[in-house]
Structure formats: structure tokens, C-alpha cells
Amino acid sequence: MRVGFIGLGSQGAPIAQRIVSAGYQTTLWARRPASLEPFADTSAQIAGSPTELAQASDLVCLCVGNDDDLRAVLTGEHGVLAGMSAGGVIAVHSTVHPDTCRQLAEVAAAQGVSLIDAAVSGGAPAAAEGRLLVMVGGPAGILERCRPVFETYADPLVHLGDVGAGQVTKLLNNLLFTANLATAANTMALGEQLGVDQTRLGEVIAHGSANSFALGRILAGTLARIAEHAGHTLRKDIELVVELAAASKADTGIALTAADATLALLGHPR
């Protein structure tokens, strides 16, 4: 399978490196030439446009920033769909609105191209080590075609259902992580007020039933870093969850209350 990759940011670049290192014929495109520099000594080919990349690819993976970027790179004048042949597959690794993936899947299907959403979680370290969590929404048969490529960087690789299901799952994961940051920070602060040594309390909880990834971030003192580098992204994801819940008349409950507390703590209130 020939693979194209667009979106060589902090998470996309190590994914693309894994694909190239696995020996797949890989074509890259980036708006910024600097994003391509780490691939200068690899076998990866560089395309002049998304259209040119698509012409050289059976599978195009996208890890761009947001819904507008995704639409532009797919349906723009020199976009992926202008060059993708019937039978091709597009995999969306970005975290976007599920409806965006569903709408673009319909556009792609009109020209015989399959689009699946394949949201990712774990960050650059997990991608580089081949243990990125990949959440897929789309036909099982299409996933099986792509599986060998995905497994160069994904472990686990989970099929959630129809197109959009991967995005919904990723957003729920981020909702709970965001909520857990507030509850963990609040518990540590309460312990200090009650006279419990912070280091010892952290050690106990980290080895107890209340442990969580979010607690680890609090104990590592990275809350300020999360606020700087991920606060806006978490706010965007929580807003998407709220929109989805409202459309489905679903009750967000205390998870949203806690998540909103975290956003306020991070300086990125909804």
C-alpha cells in the first residue's frame, strides 16, 4: 500500500516516521518546508500539493489541526480529493467534530473514495514507540485494509463503529481526562489543608484505587505546561462534547462540571 501523510506536527511527524521506517512507499506534503526537514535523509517522497500526494497514494493519513484545515486539505482546489483515485482510502487522525468526518465521507464516497476517522491519543512519545491509541470509525473492511499500516504506530487499534464513532470516543476520553485534572488537583489541595504531607499523599494515591493519568500530571507539576500547550485544545474538545450532547439531548452530568472547573483552573474557561 502506498501511503500519503499530511500534518507533520508534534504527533503527526513521529507517526509518519514509523510508516517510512516500516518500508512503505510514503509521500509527504506540508505547508511549511521546515516540517519536511526531518525526512530529508529518508526514503519519503515530497509532493508539491495535496493533489499530487493523493495521486501517488492508496491511503492518505491526515493529522491536521482542526475542521477547517481538514476541509481545506481535502476539498480545496488542490486538495486530496482532486487527485485520489476510486478505491483509495482517507484516514483522519485529527480530533474534529464527528459530523465533519461524516460529511466528508459522503463527499469522498461520491467519487469512490472511502473516508474513516481514526482519532489518536498518546502524544508524540507513544507515536514514536509504536503504542499510539487509535480509535477508528468506519467500515470494518476498510480498517482491515489499513491495519498493516496503522499497526506500525498503533497499539491498541480499536474499531468503535461507523464513521464518526472514533471522534466521539476521543472526545469522551478527553472530557474525562479534563474532569480528572480538577478532581485530582482539588483532592491534593484538600489533603494539604487537612495536614497530610503532599508527597506522601501523592505516593499513596498513585498506588491506590484512585490513581489516574491525570493525577500523574498533577503530581509531576505539569498543570502550567498543560495550560500553555493544551488548554485551548481541551476547551475546544469540551465545547464539541457539549454540542454533541445538546444535539442528542444527552445529560453531561458531573463530568462536564468537573471539566469546566479544570478549564477555569487552566485559564481557558468555556
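Residue numbers for the sequence shown follow our numbering, so the first one is 5 and each next one is one higher. Just so you know, even glycine gets a beta-carbon here, dropped at the ideal spot from N, CA and C.
For residue i, does the three-state DSSP call read helix, strand or coil?
i, result
"L32", "strand"
"M139", "strand"
"S213", "coil"
"H272", "coil"
"C150", "helix"
"G220", "helix"
"V24", "helix"
"G16", "helix"
"G8", "strand"
"V172", "helix"
"D255", "coil"
"V4", "Limits of the chain in this structure are 5 at one end and 274 at the other, which puts residue 4 out of reach."
"A86", "helix"
"A158", "strand"
Compute the beta-carbon to beta-carbon distance between residue i and residue j, rounded to the nearest angstrom, for a pair I have assumed lies under 8 Å.
i, j, result
"Q171", "V100", "6 Å"
"L66", "I23", "Contact flag wrong, Cβ pair sits at about 13 Å."
"Q15", "V124", "7 Å"
"A109", "V167", "5 Å"
"C55", "L74", "Strictly speaking, residue 55 in this sequence is Thr, with Cys absent from that position. About 16 Å; that fails the 8 Å criterion."
"N178", "S216", "That belief does not hold up - the Cβ atoms of N178 and S216 are roughly 14 Å apart, past 8 Å."
Take residue i as the anchor and find which of the options has the nearest alpha-carbon.
i, options, result
"A51", "A214, G8, L66", "G8"
"R204", "A109, L223, T237, N190", "L223"
"H272", "D255, S61, A259, A228", "A228"
"V162", "G91, P143, K253", "P143"
"S89", "I242, K253, R6", "R6"
"I19", "R35, A112, A158", "A158"
"G278", "Q115, D45, S47, S25", "Nothing can be reported for residue 278, as the shown portion of the chain is limited to 5 through 274."
"T187", "I258, G80, D241, R35", "I258"
"L57", "V84, R35, P42, D45", "V84"
"I146", "L63, L198, R35, L260", "L63"
"G260", "L269, E243, N70, S252", "Note that residue 260 is Leu in the sequence shown, not Gly. Here the closest residue by C-alpha is E243."
"F2", "S53, E81, L238, A114", "What the structure shows of the chain is the stretch from 5 to 274, and residue 2 is not part of that stretch, so it cannot be assessed."
"H236", "R274, G141, E41, A86", "R274"
"C150", "D121, A128, G127", "D121"
"L267", "A34, A251, S39, I230", "I230"
"L12", "H211, E41, A249, Y28", "E41"
Under DSSP, the beta strand (DSSP E) around residue i begins and ends at which residues?
i, result
"F43", "Per DSSP, F43 belongs to no beta strand (DSSP E) and is neither H nor E."
"L66", "63-66"
Between which two residues does the alpha helix (DSSP H) carrying residue i extend?
i, result
"V167", "Segment: none, V167 is in no alpha helix (DSSP H) and carries neither H nor E."
"V77", "71-79"
"G127", "127-132"
"G235", "227-252"
"P54", "54-59"
| said: Please give the ranges of any beta strand (DSSP E) in the segment 89-122, keeping only runs that are unbroken, at least 3 residues long and fully inside the region. | reply: Every beta strand (DSSP E) of 3 residues or more that sits fully in the segment 89-122 is shown, in chain order, as 93-96.
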